[in-house]
Amino acid sequence: MSSHSPSEGSSDLTRRRLLAGAGLAGVGAVLAACGSSTKSATPATTAAGAATTAAGAATTAAGTATTAAGAVTTAAAAATTAAAATAGKAKGDLTFGSNYSNDKPKAALQAMVDGLGNKDVKVKVNTTDHNTFQDNIVQYLQQPDDVISWFAGYRMQTVAAKGLIGDISDVWAKADGLGDAFKKASTAADGKQYFMPLYYYPWGVHYKKSVFADKGYKVPVTWDEWMALLEKMKADKITPLAAANDGGWPQMGMFDQLNMRTNGYDFHVGLMAGKEKWTDERVVNVFKTWEKLIPFQQAGVNGRKWEEGAAALGAKEVGMYLIGTFLTGQYKVQADIDDIDFFAFPSIDAKYGQDAVEAPIDGFMMAAKPKNPEAAKEFLAYIGTAAAEEAYLKVDPSAVAANSKASTANYSAIQKKSAQFVGKAKQISQFLDRDTDPTFVDQVKPVLAGFLEDPKSIDGALKALEEKKVAIFKA
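Residue numbers (this note's numbering): 72 to 546.
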């Protein structure tokens with residue numbers, strides 16, 4: 072887990088092997104097939120395709136506070152019963168730093184917390200706005216809570232390398248239901264584990280099934296098909312693409328998809344690792360392709376929050392939205408959730424097809440010096456259980472549980488499709504800001520934002536970015 076790029080051999084091997092068995096029956100089978108016996112550390116940039124098994128029941132209905140509260144209560148009660156076996160000997164207060172600031176994820180996290188079997192541990196959740204938390208993680212970890220929400224991948228590796236989070240290898244030694252791929256995604260360069268996964272979710276192009284049915288739109292597979300659909304939506308007076316970039320991260324997903332479809336997964340991960348040049352003609356071509364999409368997307372992208380894009384899709388003001396499946400957590404009415412579907416980003420070069428998908432892993436870490444280490448480890452052990460993940464996903468069924476023993480009995484359509492989607496992938500990325508050095512990410516953000524404002528500025532911006540990349544990766 073280092074702040075520099077992973078070694079070429081380990082990065083390439085791990086990424087290629089993860090979910091290499093496309094066509095196996097489900098993600099759980101794939102993970103079993105691609106587990107490595109090596110003891111050397113592999114970068115957490117490998118995404119875990121976890122499970123045809125995962126948990127959660129979709130929230131039933133509706134958009135009232137009473138219904139939402141009922142879902143939380145039900146989830147917490149179920150988790151309390153199932154988690155009784157996880158009750159340990161820890162006592163006292165435990166503080167939990169959370170970036171789950173939106174309503175439904177916040178309620179789901181609380182339901183999970185309430186399910187902790189050991190009632191001698193009093194958990195206090197300290198919630199910070201998601202973007203603020205993300206942008207200030209290094210400063211935040213100087214005086215942290217005992218347990219902190221965060222992401223697998225390079226971003227977790229970096230804070231571990233700085234000594235800002237604690238070793239939880241002993242917790243992992245007793246973990247049950249978490250496969251080898253998840254363990255690799257939680258492991259540092261020193262071979263120790265520093266992260267406990269909760270769930271994963273894919274990115275795809277989301278749309279409303281009712282709109283496609285009413286208009287006779289077909290899901291596009293190729294770039295030409297997609298461009299034809301964009302033109303048709305525009306002619307139908309529908310803004311084809313939702314576009315948001317507040318916080319600087321949402322449009323990283325568009326870059327990732329375009330780069331993997333245009334240049335392939337290997338080039339993409341090499342670029343993220345600092346091994347390829349941002350001035351390379353292949354990167355320039357990504358932006359030339361992206362420029363063709365700008366006339367079809369919402370104006371004012373840099374000033375729009377991703378949640379606003381979700382609202383526009385829900386209101387049928389836009390036709391499609393490239394985003395993670397967490398999108399569905401924004402809708403209050405079950406009928407709106409049921410109306411959402413997604414498809415893989417269209418193929419640009421047939422050589423790469425739609426082989427690569429983006430499937431980030433979210434989870435939790437322990438502070439380097441927690442005030443209550445016994446309670447922190449006990450709580451992280453609980454987070455990794457099927458019971459905890461079921462409690463969370465019962466309230467917010469927009470992701471797929473990491474634990475293979477979590478129930479799939481009440482999986483929503485989006486969860487089922489997510490597991491199949493990731494299970495069929497030949498390569499998986501985490502996300503731009505998780506697959507590369509965090510210091511470098513701060514340099515990428517203004518380049519993408521500037522391009523969206525003025526596409527003609529990209530050549531000079533890429534030249535400057537390459538110079539900064541060289542300096543950062545040398546360091």
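Every residue gets a Cβ at the ideal spot worked out from N, C-alpha and C, and that includes glycine.
| Item | Value |
| --- | --- |
| Exposed or buried, which one is L533 when buried takes at least 16 other CB atoms within 10 Å? | buried |
| Do you know offhand how far Y270's Cα is from V471's? | 5 Å |
| Starting from the Cα of Q405, find the closest Cα among F204, I485 and E362 and give me that residue. | I485 |
| Under the three-state reduction of DSSP, which class applies to K160: helix, strand or coil? | coil |
| Along the chain, which unbroken stretches of the beta strand (DSSP E) at least 3 residues long are found entirely within the stretch 407-449? | 411-414, 427-429 and 432-437 |
| Check whether the stretch 493-513 and the stretch 339-355 are in contact - that is, three or more C-beta pairs closer than 8 Å. | yes |
| DSSP three-state label for W274, please. | strand |
| If the criterion is Cβ atoms closer than 9 Å, does the pair M391 and P311 meet it? | yes |
| Who does K279 pair with in a DSSP beta bridge? | I411 |
| Quick check on G324: buried or exposed, where buried means 16 or more other Cβ atoms within 10 Å of its Cβ? | buried |
| Using the three-state DSSP reduction, which class does G380 fall into: helix, strand or coil? | helix |
| On a Cα-Cα basis, can you pick out the residue from L398, F358 and N189 that is closest to K376? | L398 |
| Return the CA-CA distance between Q425 and A161, expressed in angstroms with no decimal places. | 48 Å |
| Relative to the C-alpha of V493, which residue among A430, G434, K359 and L329 is closest? | A430 |
| Between which two residues does the alpha helix (DSSP H) holding Y225 run? | Y225 to A232 |
| Would you identify the three-state DSSP class for G120, choosing helix, strand or coil? | The predicted position of G120 is uncertain, since its pLDDT is 35 and thus under 50; no value can be drawn from it. |
| Measuring alpha carbon to alpha carbon, tell me which residue in K476, A438 and K280 is nearest G455. | K476 |
| Going by DSSP, name the residue or residues bridged to K195. | T166 |
| Report yes if the CB atom of I408 is closer than 9 Å to the CB atom of L384, and no otherwise. | no |
| Does the separation of the CB atoms of L187 and N373 fall below 9 Å? | no |
| For T360, which of helix, strand or coil comes out of DSSP? | helix |
| What does a CB cutoff of less than 7 Å around D307 pick up in its chain, not counting 5 residues either side in sequence? | K286 |
| At what residues does the beta strand (DSSP E) containing P311 begin and finish? | T310 to L312 |
| Going by beta carbon distance, what residues of the same chain come within less than 6 Å of D191, once the five residues before and after it are set aside? | K162 |
| Quick check on N197: buried or exposed, where buried means 16 or more other Cβ atoms within 10 Å of its Cβ? | exposed |
| Can you tell me whether Q181 is buried or exposed, with buried defined as 16 or more other CB within 10 angstroms of its CB? | buried |
| In the DSSP output, what is V389 paired with across the bridge? | T310 |
| Are the CB atoms of L165 and F450 within a distance shorter than 9 Å? | yes |
| Bridge partners for S257 per DSSP, in chain order? | None; S257 has no bridge partner. |
| At what residue ranges does the stretch 457-524 contain a whole run of the alpha helix (DSSP H), taking only runs of 4 or more? | 457-466, 484-494, 503-506 and 509-524 |
| From what residue to what residue does the beta strand (DSSP E) around V218 run? | V218 to F222 |
| Pick helix, strand or coil for L249, following the three-state DSSP scheme. | coil |
| Does the stretch 231-245 come close enough to the stretch 440-450 that 3 or more CB-CB pairs lie under 8 Å? | yes |
| Here's a check: name, in chain order, each residue in its chain whose Cβ is nearer than 7 Å to the Cβ of W297, leaving out the five neighbours to either side. | P291 and P417 |
| What distance in whole Å lies between the Cβ atoms of F544 and G224, which are believed to be in contact at a cut-off of 8 Å? | G224 to F544, Cβ: 17 Å. No contact. |
| Can you tell me whether DSSP reads G395 as helix, strand or coil? | strand |
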